[in-house]
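Respectively, the protein sequence lines represent chains A and B.
Residues in the first sequence are numbered from 1 upward in steps of one, following our numbering.
Residues in the second sequence are numbered from 322 upward in steps of one, following our numbering.
Even for Gly, the Cβ is constructed at its ideal location relative to N, Cα and C.
If you're wondering where the values come from, they're calculated on a predicted model, not measured in any experiment.
Structure record follows, encoded as structure tokens.
2 protein chains.
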Amino acid sequence: MAVYTDFSDEELEHFIQGYNLGAVLSVKGIAEGVENSNYLLVTEAGQFILTLYEKRVKPADLPFFLGLMEHLANAGITCPTPVHNRKGDALGRLAERPTAIVTFLTGMWVKRPRPEHCTAVGAALAELHRAGSDFTLRRINALSVDSWRPLYATCDGRADEVQAGLGHEIETELTFLESHWPDDLPSGVIHADLFPDNVFFLGKTLSGLIDFYFACNDMLAYDLAICLNAWCFEADGALNVTKARALLTGYGSERPLTEAEIAALPILARGAALRFLLTRLHDWLTVPDGALVVPKDPTEYARRLRFHRSAVDARAYGIDL
Amino acid sequence: MAVYTDFSDEELEHFIQGYNLGAVLSVKGIAEGVENSNYLLVTEAGQFILTLYEKRVKPADLPFFLGLMEHLANAGITCPTPVHNRKGDALGRLAERPTAIVTFLTGMWVKRPRPEHCTAVGAALAELHRAGSDFTLRRINALSVDSWRPLYATCDGRADEVQAGLGHEIETELTFLESHWPDDLPSGVIHADLFPDNVFFLGKTLSGLIDFYFACNDMLAYDLAICLNAWCFEADGALNVTKARALLTGYGSERPLTEAEIAALPILARGAALRFLLTRLHDWLTVPDGALVVPKDPTEYARRLRFHRSAVDARAYGIDL
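Structure, rendered in structure tokens:
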């Protein structure tokens, strides 16, 4: 749940006058997303999402994010498309925040994904990777292997407060991944955060991808490994191998994985699990008293990490070699 | 900021199938309102508000609230109109909560009202009172004079924690109001909570009234006194007499006040200020640690109460006698 920044009527009116969208008919804060302030905006031109970027998003990254959404939309990916203002800019300023208006997507995110949703997500991720291949801006992944040890250091050795032994487990894993992390797999633009709440469906049909604010350049199969973690585990912590197979098969139907990518899946999945374990651990240990956002449980990702460590090869995810 | 209850995809789908609204295209939690869980619902039939009623609303009161909205809408008041399901009911059940779908109103609430907004609100309130005069259901005002002392008792004598001397001031005021509260003024259906966030405008034109979940039967001029408190004071605590005159004149243009009502304005305004002081004080003292809702400052209403106590007659509000 978010909505951090408020603005006056006059500020909004002035801001919208910079666009070719007619008069504002309604603006309501949306209780979704935790990084930015999002509003559903209705104008004479239709429905839009108004986003005020908060401090977790670096202003210097915004041209990459907004440019990517526009590039992908032009390539046929259903994602929010930035609306340009009268000056031609996708980025403006409201209430002293960088601010953008993007198109509204219909659809709902799926709280309990079924295998057919995983198939659709896999295919959409591969299409995104293909569509991003000729995007010219670049952004390094600020949350890849090199950042994990510094990120863990911000937790001040307090991991065992969350679960006994977790600190040692993380340190061992960091050492392993730092010396075994692949660097020669096919790379390109990745979404890097394609969790269920960032994928809209209408019934069983995928109707859009949102929230490109972690997108960056990295190994394509790492993006798939993030989805494996995000979509294919049950509430009890177990992998649902039917969902994993559906995700990987869906992906392969649009972009076949190379042998090297298939072989690297377990380690990529370990890295993805550790990345979310560390950011959740950081948020868990640093959440201020009385915060509006309830931090997510880090131990979910410790359990997933253990599963991936036990995976001998990609057959653990339901695919034949 | 609210949104308390979540529901599964299947629960929502099943619920909406009970209505003649086509398929769901989008549903997003709205960060407005503190009593209920509100969602912006888009279906093939258009935009609606989906409301799940939480514990502060008594289920037995819902037929009054929903029936009133429908009655007022039929009488030409722009307010949310309940949508009936296929069985003909305005009230259903979702996620074990009483739930309704109402029509979506365009417009935004005004964060810094100007006198012309006050004129429009006054006129709309009088129209509401007229339109409500033939509504047949009744609901006593659970937050009128008889309830104030019991409500104060729930604060356990802790008022002075908020402001030194506040407890004595409240007790003196309670004693005065209990023996001087009028009971012979014109009565009918009142909104009872017509604060700026419950009134939508498009530019300077009032486009709708929302949130009828405190509506009840009481003295009409008491509703006006609530608006006087809610719309006509500045951030520094001072009455803006231009706004007060605008509100009262706007009201009088649609329903002239009787001499007795005009004479009673200062005491009604004292009662209204005390009612909001007490509910805010209660919320302030009982807010749980880590609550998602930041309680409103009770002392704002203590300052307003002092102003009304100093008012010799209705001339204090800018009108000629």
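Rounded to the nearest angstrom, the Cβ distance from L52/A to R97/A is 4 Å, consistent with a contact under 8 Å. Within chain B, not a single residue places a beta-carbon under 8 Å from that of M219/A; the smallest gap is close to 32 Å. A direct Cα-Cα distance of roughly 10 Å separates N36/A from L50/A.
Judged by pairs of C-beta atoms under 8 Å, the stretch 473 to 493 of chain B does not touch the stretch 503 to 518 of chain B, as fewer than three such pairs exist. Remark: fewer than three beta-carbon pairs, one from each stretch, lie closer than 8 Å, so the stretch 520 to 529 of chain B and the stretch 501 to 511 of chain B are not flagged as touching. G388/B and S454/B do not touch by the CB rule: their CB atoms are close to 15 Å apart, not below 8 Å. Beta bridge pairing from DSSP links K349/B with L361/B.
If you draw a 10 Å sphere on the C-beta of D218/A, you find 16 or more other C-beta atoms in it, and that means buried. With distances taken between CA atoms, L305/A lies nearest to L239/A out of E54/A, L239/A and R315/A. Here DSSP, grouped into helix, strand and coil, assigns Q17/A to helix. By the beta-carbon neighbour count (other beta carbons within 10 angstroms, threshold 16), A344/B is exposed. Interface annotation for the stretch 343 to 357 of chain B against chain A: A344, V345, L346, S347, V348, K349, G350, I351, A352 and E353, criterion Cβ-Cβ distance under 8 Å.
The beta carbon of K432/B falls within 8 Å of a beta carbon belonging to chain A, placing the residue at that interface. Nearest CB-CB separation between T402/B and chain A: not below the 8 Å threshold. Secondary structure note for L206/A: its beta strand (DSSP E) is the uninterrupted segment T205 to L209. In this structure, H84/A lies away from A75/A, with their beta-carbon atoms at least 8 Å apart. Between the beta-carbon of R86/A and that of G18/A there is about 6 Å, and that keeps the pair under the 8 Å contact cut. Taking C-beta atoms as the reference points, L589/B and A546/B count as a pair closer than 8 Å. Here P503/B carries a coil assignment [DSSP, helix/strand/coil]. DSSP, read as helix, strand or coil, puts T175/A in helix. Taking CB atoms only, S329/B has a neighbour in chain A less than 8 Å away. Within its own chain, the residues whose Cβ lies closer than 6 Å to the Cβ of P380/B, once the five positions on either side in sequence are excluded, are P419, listed in chain order. In terms of beta-carbon proximity, T103/A stays away from the interface with chain B, with every pair separated by 8 Å or more. Counting only residues of its own chain and dropping the five nearest sequence neighbours on each side, A230/A has a CB closer than 6 Å to the CB of F195. When C-alpha distances from E234/A are compared across P115/A, F48/A, P80/A and G46/A, the shortest belongs to P115/A. Contact between F386/B and Y534/B holds, since their C-beta atoms are separated by about 6 Å, short of 8 Å. With respect to the 8 Å criterion, L278/A and L72/A are not classified as neighbours on the basis of their beta carbons. Burial is judged here by how many other beta carbons sit within 10 angstroms of a residue's own beta carbon; E10/A has fewer than 16 and is exposed.
Of all residues in the stretch 384 to 403 of chain B, none places a beta-carbon less than 8 Å from a beta-carbon of chain A. Under the 10 Å beta carbon count, S347/B is surrounded by 16 or more other beta carbons and is classified as buried. V633/B counts as exposed, since fewer than 16 other C-beta atoms from the protein chains shown sit within 10 angstroms of its C-beta.
In the DSSP secondary-structure assignment, A551/B is not bridged to any residue. L523: these are the residues of the stretch 497 to 529 of chain B whose beta carbon lies less than 7 Å from some beta carbon of chain A, given in chain order. One finds T427 in chain B with Cβ atoms closer than 7 Å to the Cβ of V42/A, taken in chain order. Annotated three-state conformation of T399/B is coil, per DSSP. In this structure L642/B is exposed. Its beta-carbon is surrounded by fewer than 16 other beta-carbon atoms within 10 angstroms.
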